[in-house]
Every structure is written in structure tokens, then in C-alpha cells.
């Protein structure tokens, strides 16, 4: 899983 | 964005505003842990540095700015404006015991070895345990004001709602991030005792006091 995807969360 | 995520964010926002409202209205930060507030400020600062490097949406940026502003505002009220009301004798949890392990873990379990990524991971781990000084303070004084209880309930609900959001995202987007999920579960578990007391006492109109 690319961590970038998680960064759309707060 | 899904309904769980939105409710989680709104719950988080409500918690932060409730705390500011409580301090401003009562002109006092009695019963509030300055150490927990300091930890949350470190969390937001480490995580939202990406405001300068990546743009997700207006909603995201606005929320990040609100969280940052509110947390620094809370620190200002606690440690400057209403400092005499800060109950530091009961706020005796050692925060280095939380900061150091969170920092070490963020170097061990991290997706990518970049400064921003390690800071983001550190913020996730630190957030999971940042409430401990506050819960410790409630257990030491044996009680919490009703508005403080509402604050804690909203703050605890936020990560619990995020867990539902992650389950939803797993089924709809095949999205899975074990770092946030495990930290989020730890964070929610820490509130379980409090949730129980909140439901059995505060919602029945009683003050939260420990037996």
C-alpha cells in the first residue's frame, strides 16, 4: 500500500 | 470520503471546539491536561507539515488549518491566558515515556524512509497514546466536569468512526494501511473504560466520578 493514499485522511 | 470518515472528522472538530468553548466560557482550564494538549499540538504539527508539500482538497486543507490553529490556541489559553487555573499538580504523567517510544517505532515501522513520512508516522503513533495524560489526570482527581466528559467522548468517537471508515474503504477501494489501523485500534481501546463510564453515568445526567 502506498502511504500517499493514507494522507488524504486527517 | 464516506459517511464514517465525515462523521469522524466532524466529531474530532466538535471535540476541539468544545474544549476551547469550555475553557473560554468558564475562564478556566481546570481538569484539562496541558500535557495531552501539548502532545496533540505536536501530532498536528508533525502530520500537517504536508500543507506545504501536497494538496488534497480544500476540505482537507481547511480542516488541517483549523486543527492546527485550535491546538495552538488551546495551548495559549492553558499556558498563558488562564495559566493560574491550570491544575499542573495532577498533570504528572511523564510524556517522554510516550514521545520516545513513538519516535523509535516510527523509525522501525514506516512505509517509506523520508523525513515527511517518518514525521507522519510518528504523528500517527503519538496520537494513539496522546490521551493518556488526560485519562491519568481524570483517574487521579477521580472526576471530570460534564463538558470535559463530552469533549473526551467526541474525541474518542472520532477514531472509532475512522475504524469503520477503514473497514468501508477496504471493501470499496481495497485500501488498507496497517499503520493507521493498528494505531487507531490502540487509540480507541484506551477510551473503552471512559466510554463505559460516560454511557452509564454522564448520559444519565450524573457527573463523571470514579468509584
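Residue numbers (our numbering), protein chains in the order written: chain A, 42 to 51; chain B, 174 to 384. Glycine included, every Cβ here is placed at the ideal spot set by N, Cα and C. In this text the structure is predicted, and so the values were computed from the model without any measurement.
Cα separation between residue i and residue j?
{"i": "residue 284/B", "j": "residue 319/B", "result": "40 Å"}
{"i": "residue 382/B", "j": "residue 321/B", "result": "12 Å"}
{"i": "residue 222/B", "j": "residue 380/B", "result": "39 Å"}
{"i": "residue 353/B", "j": "residue 336/B", "result": "9 Å"}
{"i": "residue 199/B", "j": "residue 193/B", "result": "10 Å"}
{"i": "residue 42/A", "j": "residue 349/B", "result": "Reliability of the predicted coordinates at residue 42/A is poor, the pLDDT of 41 falling under 50, and the value obtained from them is presented with this limitation in mind. Going by the C-alpha atoms only, they are around 7 Å apart."}
{"i": "residue 270/B", "j": "residue 293/B", "result": "19 Å"}
{"i": "residue 339/B", "j": "residue 357/B", "result": "10 Å"}
{"i": "residue 219/B", "j": "residue 235/B", "result": "17 Å"}
{"i": "residue 377/B", "j": "residue 287/B", "result": "49 Å"}
Given residue i, which residues of its chain have a CB within under 8 Å of its CB, disregarding the five upstream and five downstream residues?
{"i": "residue 211/B", "result": "248 and 268"}
{"i": "residue 334/B", "result": "177, 178, 180, 181 and 184"}
{"i": "residue 245/B", "result": "214"}
Verify the CB distance criterion: does residue i have a CB-CB separation below 9 Å to chain A?
{"i": "residue 236/B", "result": "yes"}
{"i": "residue 293/B", "result": "yes"}
{"i": "residue 229/B", "result": "yes"}
{"i": "residue 242/B", "result": "no"}
{"i": "residue 286/B", "result": "no"}
{"i": "residue 353/B", "result": "yes"}
{"i": "residue 389/B", "result": "The question about residue 389/B has no answer here: the residues shown for chain B are numbered 174 through 384."}
{"i": "residue 338/B", "result": "yes"}
{"i": "residue 185/B", "result": "yes"}
{"i": "residue 223/B", "result": "yes"}
When you compare the CB positions of residue i and residue j, do they come within less than 9 Å of one another, or not?
{"i": "residue 310/B", "j": "residue 205/B", "result": "yes"}
{"i": "residue 263/B", "j": "residue 314/B", "result": "yes"}
{"i": "residue 188/B", "j": "residue 276/B", "result": "no"}
{"i": "residue 266/B", "j": "residue 202/B", "result": "no"}
For residue i, which residues from the same chain have a beta carbon less than 7 Å from its beta carbon, with the 5 sequence-adjacent residues on both sides left out?
{"i": "residue 274/B", "result": "none"}
{"i": "residue 237/B", "result": "221 and 224"}
Between which two residues does the alpha helix (DSSP H) harbouring residue i extend?
{"i": "residue 329/B", "result": "319-346"}
{"i": "residue 378/B", "result": "Looking at the DSSP string, residue 378/B is not in any alpha helix (DSSP H), and its letter there is neither H nor E."}
{"i": "residue 205/B", "result": "Note, residue 205/B: premise wrong, no alpha helix (DSSP H); not H, not E."}
{"i": "residue 314/B", "result": "305-314"}
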